[in-house]
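Note sheet for the following structure.
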Amino acid sequence: MTENRVAIYLRLSKEDIDKKDFSESIQNQRRMLLQKVQEEGWSIFDIYIDEDYSGIDRERPAFLRMLKDCEQGKIDIVLCKSQSRFSRDLEIIEQYIHNKFKEWNVRFISLIDHADTSVEENKKSRQINALMNEWYLEDSSMNIRKTLRNKKEAGLFTGSFAPFGYQKKDKNHLEIDPIASKYVQQIYALYVKGYGYSKIKQYLNHQQVPTPSQYKKEIGSKYYGPSTGNSWSEKTIADILKNEVYIGSVVQGKYRKISYKNKKVISLKKKDWIVVPHQHKPIISLPIWNEVQKRIHQKIRIQSKTGKIHELSKKIYCQKCGQSFEKNSSGRTSYSYLVCRDRRNHWQHCDNRASIRLDVIESLVLKEFLKFYHQFADEQLLLQYENQYSIEQNLLCKQACERLENDYHQKERTLKKLYEDYIHQELDDEVFQNLKKSYVKELEQIKNTLTSMKKEKMPFSFRKRKPMISLKVAKSFIQRIQIGNMEHGKRVVIIEWIF
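So for the sequence shown, the numbering used here puts the first residue at 18; every next one is plus one.
This is the structure:
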């Protein structure tokens, strides 16, 4: 008679970590199961142990190794202390204990709840057991989520690691890290000075400033979160510039798992985040924060010299991935080049990588628009579009002036507050002088731009009888411009007109 080969499976649940018998839990299971094997005269093929794993986890390493050995015919019996040690997932119980194990000729036995697949009448009790185990896990998960949410709403920090610039004062509170906070202040100062994400990244990498994950490892933190690598990225800088933690708020609840059974994490809308202000000392003063947020959220970028928006702004997109085309700020030539926005993602989603000159697109738009212009049979329809465009442009011009005036007054107030911070020694001399110089220069530029814009006449007169071929007019007839790859030696440019 062939001796039964037994797989002993032992699991220590995450929820058992705080129990007093934590260190003996695995040993207790082992002792109980070994005694059963000895009584039955079976032979042990292997002992599989998963410590600190939830019963809902489908990726337990020893569990997966045992299933593979079962499939390969190496095991006759799987022995556990209870069915819940094997899994608390109803779907897994059905998939393996009631289906695959039969297919592989494997018997499942659990001692405490008397599960045994060799007893056919035992199946319903196993299924009820599985259902109750899953309910237990669902209730536990719900209670944990409620407890965590209550802590977050009370302003208690529940993260495993403090945000860059802070360190954990105790389990649920933050205090300023004297070293990392200087790096955060430097990032904000550079952005206020006019540096973009790319230039800040280059500056930090050149100065060999450690990234958040690097810094955590340098100070001995057992950091296991998302790594920012050895080089700064634009995304990391953007996240720091948008994080309200630096003005004293605790910001949590940005993400959540789909369910207790699904580890996939989804991002929540900002309105659903849990933000509790004034919970710790800020690293960034409120005037600087407001100035940074205003610049980040400015929907329309106004050119600093002319104060005007380019006519094709928000009209040019990638044919391959659908993202917008943006200026490639290499600064190597006198021409302006556009490139797919996926460049920021290191080309993870798009292969349309070549840049294209802006003046080439402008010429093509004017050339194509001239053809369509003469095809309009109804001149009144054309005048209708031109009328509407004129009204829109006048309104945009007025709105641009108002934005610039508001911007001017905001910068004046910020400069005054910075001076007050400097007097009270909340800003060091070098940072203050740099910010002051930058603000004074910007105020002068805004003043000159406003003077120039207010002297300008209407964008155009639509009553002219000669053809009005210009980007200003053409823009109102353009739905979308798509830039594709090279085909037959020419770049694909598709202009979608509204007529």
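Idealized CB from N, CA, C, for every residue including glycine.
No experiment lies behind these values; they were computed from the predicted model shown.
Handout entry: Among Ile495, Met503, Gly506, the one whose alpha carbon lies nearest that of Ile515
Key = Taking the sequence shown and counting its residues from 1, one reaches residue 515 at position 498. Closest option to Ile515, Cα to Cα, is Ile495.
Problem - Touching by the beta-carbon criterion (3+ pairs, under 8 Å), the segment 454-471 and the segment 212-230 - result: no
Practice task
Out of Ser142, Pro180, Glu447, Phe342, state which residue places its alpha-carbon closest to the alpha-carbon of Ser372.
Solution key: Your numbering for residue 372 matches position 355 in the sequence shown. Nearest of Ser142, Pro180, Glu447, Phe342 to Ser372, Cα basis: Phe342.
Exercise for the section: Taking 8 Å as the cut-off, decide whether the C-beta atoms of Gln112 and Asn146 are in contact. Expected result: The residue given as residue 112 occupies position 95 in the sequence shown. The residue given as residue 146 occupies position 129 in the sequence shown. Not closer than 8 Å, so no.
Exercise for the section: Kindly confirm or deny that the segment 165-172 and the segment 115-126 touch, where touching means at least three C-beta pairs closer than 8 Å. Expected result: no
Problem - Nearest neighbour of Lys337, chosen from Trp306, Arg370, Tyr436 [CA to CA] - result: Reading the sequence shown from its first residue, position 320 is the one you call residue 337. Looking at the Cα atoms, Arg370 is the closest of the given residues.
Practice task
Provide the residue span of the beta strand (DSSP E) that contains Lys344, from first to last.
Solution key: Position 327 of the sequence shown, counting from 1, holds the residue named residue 344. First-last of the beta strand (DSSP E) with Lys344: 342-344.
Practice task
Take every Cβ of the segment 222-230, pair it with every Cβ of the segment 183-193, and state whether three or more of those distances are shorter than 8 Å.
Solution key: Because the criterion of three Cβ pairs below 8 Å is not met, the segment 222-230 and the segment 183-193 do not touch.
Exercise for the section: Could you give the DSSP three-state label for Gln369: helix, strand or coil? Expected result: As a working note, residue 369 is residue 352 in the sequence shown. The identity of residue 369 in the sequence shown is Asn, whereas the question assumes Gln. In the structure shown, Asn369 sits in coil (DSSP, three-state: anything other than H, G, I, E or B).
Practice task
Report yes or no: do the segment 196-208 and the segment 296-315 share at least 3 C-beta pairs separated by less than 8 Å?
Solution key: Counting Cβ pairs under 8 Å, three or more are found: they touch.
Practice task
Mind listing, in chain order, the continuous beta strand (DSSP E) runs of no fewer than 3 residues lying wholly within the segment 152-220?
Solution key: 183-187, 190-193
Exercise for the section: Quick one: grab the DSSP three-state call for Ile319. Expected result: Walking along the sequence shown from the start, residue 319 turns up at place 302. For Ile319, the predicted structure reports a pLDDT of 39, less than 50, and the residue's modelled location is therefore unreliable. A value from the coordinates is still provided. In the structure shown, Ile319 falls within a coil segment according to DSSP collapsed to helix, strand and coil.
Exercise for the section: Please state if the CB of Leu383 and the CB of Leu460 are separated by a distance shorter than 8 Å. Expected result: The residue labelled residue 460 in the question sits at position 443 within the sequence shown. The residue labelled residue 383 in the question sits at position 366 within the sequence shown. It is not a contact, given that the beta carbons lie outside the stated cut-off.
Exercise for the section: Measure the Cβ-Cβ separation of Tyr334 and Arg508 and say whether it is below 8 Å. Expected result: Along the sequence shown, one-based indexing puts residue 334 at 317. Along the sequence shown, one-based indexing puts residue 508 at 491. No.
Practice task
Please list, in chain order, all residues of the same chain as Ile25 whose beta carbon is under 6 Å from its beta carbon, the five residues on each side excluded.
Solution key: Translated into positions along the sequence shown, residue 25 becomes position 8. Counting only Cβ-Cβ distances below 6 Å, and skipping sequence neighbours, we find Leu50, Ile64, Leu96.
Practice task
Please state if the CB of Arg143 and the CB of Gln93 are separated by a distance shorter than 8 Å.
Solution key: Stepping through the sequence shown from its first residue, residue 93 is reached at position 76. Stepping through the sequence shown from its first residue, residue 143 is reached at position 126. Just to set this straight, residue 93 is Asp in the shown sequence, not Gln. Not a contact, by the Cβ cut-off of 8 Å.
Exercise for the section: Determine the DSSP secondary structure at Met475, reduced to helix, strand or coil. Expected result: Sequence index remark: in the sequence shown, residue 475 carries index 458 (1-based). Confidence at Met475 is low in this model, with a pLDDT of 41, below 50, so the placement of that residue should be treated as unreliable; the coordinate-derived value is given next. The answer is coil: DSSP assigns Met475 none of H, G, I, E or B.
Handout entry: Coarse secondary structure for Ser284, derived from DSSP in three states
Key = Walking along the sequence shown from the start, residue 284 turns up at place 267. Look at Ser284 here: in three-state DSSP terms it is strand.
Practice task
Flag this pair as yes or no: are the beta carbons of Val356 and Val209 separated by less than 8 Å?
Solution key: The residue you call residue 356 lines up with position 339 of the sequence shown. The residue you call residue 209 lines up with position 192 of the sequence shown. Cβ atoms of Val356 and Val209: not closer than 8 Å.
Problem - Exposure label - Trp249; buried when at least 16 CB within 10 Å - result: Numbered from its first residue, the sequence shown carries residue 249 at position 232. Buried, since its Cβ has 16 or more Cβ neighbours within 10 Å.
Handout entry: Beta carbon of Ile257 nearer than 8 Å to that of Tyr214
Key = As a first step, residue 257 must be located in the sequence shown, where it is residue number 240. As a first step, residue 214 must be located in the sequence shown, where it is residue number 197. Cβ distance not < 8 Å, so Ile257 and Tyr214 don't count as in contact.
Exercise for the section: Buried or exposed for Pro195, please, with buried defined as at least 16 other CB atoms from any protein chain shown within 10 angstroms of its CB. Expected result: Here residue 195 refers to the residue found at position 178 of the sequence shown. It is exposed - the Cβ of Pro195 has fewer than 16 other Cβ atoms within 10 Å.
Exercise for the section: Using only alpha-carbon positions, find the residue among Glu422, Trp152, Asp106 that is nearest to Glu76. Expected result: On the sequence shown, residue 76 is found 59 positions in, with the first residue counted as 1. It is Asp106 whose Cα lies nearest to the Cα of Glu76.
Handout entry: CB-CB length for Leu29 against Asp69, believed under 8 Å
Key = Counted from its first residue, the sequence shown places residue 29 at position 12. Counted from its first residue, the sequence shown places residue 69 at position 52. Indeed, because the Cβ distance is near 6 Å, the residues count as touching under 8 Å.
Exercise for the section: Along the alpha helix (DSSP H) that carries Phe80, what are the first and last residues, could you check? Expected result: Start at 1 with the first residue of the sequence shown, and residue 80 comes out as number 63. Run containing Phe80: 78-88, per the alpha helix (DSSP H) assignment.
Practice task
Rounded to whole angstroms, what's the CA-CA distance from Gly72 to Glu108? Just pull it up for me.
Solution key: Numbered from 1 along the sequence shown, position 55 holds the residue referred to as residue 72. Numbered from 1 along the sequence shown, position 91 holds the residue referred to as residue 108. In a straight line, the C-alpha of Gly72 is about 12 Å away from that of Glu108.
Practice task
Please report how far the alpha carbon of Lys140 lies from the alpha carbon of Ile161, in whole angstroms.
Solution key: For the purposes of this step, residue 140 is taken as the residue at position 123 of the sequence shown. For the purposes of this step, residue 161 is taken as the residue at position 144 of the sequence shown. Spanning the two alpha carbons is a distance of roughly 32 Å.
Handout entry: Lys186 versus Glu261, Glu429, Met503, Gln296, residue with shortest Cα-Cα distance
Key = Sequence index remark: in the sequence shown, residue 186 carries index 169 (1-based). It is Gln296.
Problem - Cβ neighbour criterion (16 or more within 10 Å) applied to Gly501 - result: As a working note, residue 501 is residue 484 in the sequence shown. With fewer than 16 Cβ atoms within 10 Å of its Cβ, Gly501 is classed as exposed.
Exercise for the section: Return helix, strand or coil for Phe118, following the three-state DSSP convention. Expected result: Here residue 118 is taken as the residue at index 101 of the sequence shown, counted from 1. Correct three-state label for Phe118: helix.
Problem - Extent of the continuous beta strand (DSSP E) to which Lys507 belongs - result: Taking the sequence shown and counting its residues from 1, one reaches residue 507 at position 490. Taken as a continuous stretch (DSSP letters only), the beta strand (DSSP E) holding Lys507 covers 507-514.
Practice task
Taking only heavy atoms of the ligand COA into account, decide whether any of them is closer than 7 Å to the Cβ of Leu383.
Solution key: Ligands displayed in this structure: none; no statement on the ligand COA is therefore possible.
Handout entry: Exposure of Glu20, with buried meaning 16 or more beta-carbon neighbours within 10 Å
Key = Taking the sequence shown and counting its residues from 1, the one referred to as residue 20 is at position 3. Counting Cβ neighbours within 10 Å, Glu20 comes out exposed, since fewer than 16 surround it.
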